[in-house]
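**Student:** Pasting in a structure now, in structure tokens, and then I'll have a few things to ask.
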Amino acid sequence: MLGQVKARLLGPADREAARRLLAADAQSDLFLLDLVHSLGFPPAPGEAGAELWGAFRRGTLLGVASLRPCIVISAEPPPAALEALTAVLAGVESGLVKSSLESVDVLWRRLEARGRRALVDRVERAYVLRAAHARLVDPPPGARTRGASSQDLEALVEAARASLREEQRPDPFDGDPEGFRRWVRGRLPRAHVIEQAGAVVFVGYADVRQPEGWLLQGVYTWPAARRKGFASAGVSSLCRAAFDAGAEHVQLSVVEGNEAGGNLYAKLGFRPFASLRTVLFAQPG
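Quick note on my numbering: the sequence shown kicks off at 107 and runs consecutively.
Right, here's the structure in full:
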């Protein structure tokens, strides 16, 4: 008998076992690997603490999933581990899940059976860049890249809201403007911007910064500044920072069908490595 697989909450004592499991495929499990490093430490200002679950058989960790800040399931868990983890995750009333197509299919069947409804349901293509393949570019004349500062807060709040609208996602600012500002403020240390003529025209966030890799999110170019080289230059700036810091790779994802985004990243040397499914869901009523 192999023994039953059971899921339980992970704590600081599980950090090393979880790190070893996830580091075996750091490219696929970079987000979870970053969360595991935070176990036992207080969250950054404006951010929710991580909640991580593990699937165990006789003390051996087989799979990991985060419940907060969003739902992510480790790559290719054994079927019994996926079953145990999704049984826990299915109790969530609302949230966002982003994982492999296969894992999200299993979880979404459980969530849908409990009455959850999708507000957004889409496929994304994950891309990876390694230094040997990088073809990075410089900013256009007159523009400069820099880290974001507190003076950029309102511009970055505007960018975050505009990005949500373009993706047809709900805007949390409407219900909690100060909470939304706190969330953006908490991300400022991870943001790179491009400024031209005194105005911010591009922003991108390195939300995960580990030796194994950096994860870029929240990449946004103001509409009037598009198709002028700012997005390529901004992502290039983030990639240079990652490789200068010793990161093994940089990764990001693009919504399926966004050919312009995919082509832009391909020109910089990014290569596709996985398909992901993202579902934003809630309990009706």
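Virtual Cβ for every residue (Gly too), placed ideally from N, Cα, C.
For clarity, every value in this text was computed on a predicted model and none was experimentally measured.
Grouping DSSP H, G and I as helix and E and B as strand, with all else coil, what is Lys334?
**Tutor:** Residue numbering aside, residue 334 sits at position 228 when the sequence shown is read from its first letter. Three-state result, Lys334: coil.
**Student:** Are Ala212 and Thr192 touching if we call contact CB-CB under 8 angstroms?
**Tutor:** Numbered from its first residue, the sequence shown carries residue 212 at position 106. Numbered from its first residue, the sequence shown carries residue 192 at position 86. The sequence given here places Val at residue 212; Ala does not occur at that position. Cβ atoms of Val212 and Thr192: closer than 8 angstroms.
**Student:** I'd like to confirm the pairing. Which residues does DSSP put opposite Val290 in its beta bridges?
**Tutor:** Taking the first residue of the sequence shown as position 1, residue 290 is located at position 184. Paired residues: none, contrary to the question.
**Student:** Helix or strand or just coil, what does DSSP make of Asp227?
**Tutor:** Residue 227 sits at position 121 when you count from the first residue of the sequence shown. Strand at Asp227.
**Student:** Identify, in the order they occur along the chain, each residue of the same chain with its Cβ nearer than 7 angstroms to the Cβ of Met107, setting aside the five sequence neighbours on each side.
**Tutor:** Locating residue 107 in the sequence shown gives position 1, where the first residue counts as 1. Legend: pLDDT at Met107 = 43, less than 50; position of this residue unreliable, value from coordinates given subsequently. So the list is empty, once near-sequence residues are dropped.
**Student:** Go through its chain and collect everything with a Cβ distance to Arg241's Cβ below 7 angstroms, but skip five positions before and after it.
**Tutor:** Stepping through the sequence shown from its first residue, residue 241 is reached at position 135. Same-chain partners within the cutoff: Lys373, Leu374, Gly375.
**Student:** State the DSSP-derived secondary structure class of Met107, mapped to helix, strand or coil.
**Tutor:** Start at 1 with the first residue of the sequence shown, and residue 107 comes out as number 1. In this prediction, Met107 has a pLDDT of 43, which is less than 50 and means its spatial position is unreliable; what the coordinates show is noted afterwards. In the three-state reduction of the DSSP assignment, Met107 falls in the coil class.
**Student:** Nearest CA to the CA of Leu322: which residue from Ala331, Ala305, Arg296?
**Tutor:** Residue mapping note: residue 322 aligns to position 216 of the sequence shown, counting from 1. When each option's Cα is compared against that of Leu322, the closest is Arg296.
**Student:** Thinking C-alpha only, which one of Leu188, Leu370, Leu202 is nearest Leu173?
**Tutor:** Within the sequence shown, numbered from 1, the residue matching residue 173 stands at position 67. Nearest option by C-alpha distance: Leu202.
**Student:** Quick one: Cα of Glu230 to Cα of Ala305, how far?
**Tutor:** Stepping through the sequence shown from its first residue, residue 230 is reached at position 124. Stepping through the sequence shown from its first residue, residue 305 is reached at position 199. Going by the C-alpha atoms only, they are around 30 angstroms apart.
**Student:** So, does the segment 274 to 294 touch the segment 250 to 263, judging by three or more C-beta pairs under 8 angstroms?
**Tutor:** yes
**Student:** Would you call the CB atoms of Val142 and Leu128 closer than 8 angstroms?
**Tutor:** On the sequence shown, position 36 is the one that residue 142 refers to. On the sequence shown, position 22 is the one that residue 128 refers to. Contact flag set, yes.
**Student:** CA-CA distance, Ala113 and Tyr311?
**Tutor:** For the purposes of this step, residue 113 is taken as the residue at position 7 of the sequence shown. For the purposes of this step, residue 311 is taken as the residue at position 205 of the sequence shown. Looking at the two C-alpha atoms, the distance is approximately 32 angstroms.
**Student:** Helix, strand or coil for Arg269? Go by DSSP, reduced to three states.
**Tutor:** Residue numbering aside, residue 269 sits at position 163 when the sequence shown is read from its first letter. In the sequence as displayed, the identity of residue 269 is Ser instead of Arg. Here Ser269 sits in helix by DSSP.
**Student:** So, Ala123 versus Phe387, is the Cβ gap smaller than 8 angstroms?
**Tutor:** Against the sequence shown, residue 123 aligns to sequence position 17. Against the sequence shown, residue 387 aligns to sequence position 281. In this structure, Phe387 does not lie closer than 8 angstroms to Ala123 by Cβ.
**Student:** Which residue's Cα is closest to the Cα of Ala171: Ser180, Arg164, Gly165, Asp282?
**Tutor:** Sequence index remark: in the sequence shown, residue 171 carries index 65 (1-based). Selected option, being the one with the closest Cα: Ser180.
**Student:** Can you give me the Cβ contacts of Asp227 inside the same chain, cut-off strictly under 6 angstroms, excluding the 5 residues immediately before and after it?
**Tutor:** Position 121 of the sequence shown, counted from the start, is the residue given in the question as residue 227. Cβ neighbours of Asp227 beyond the five flanking positions: Val385.
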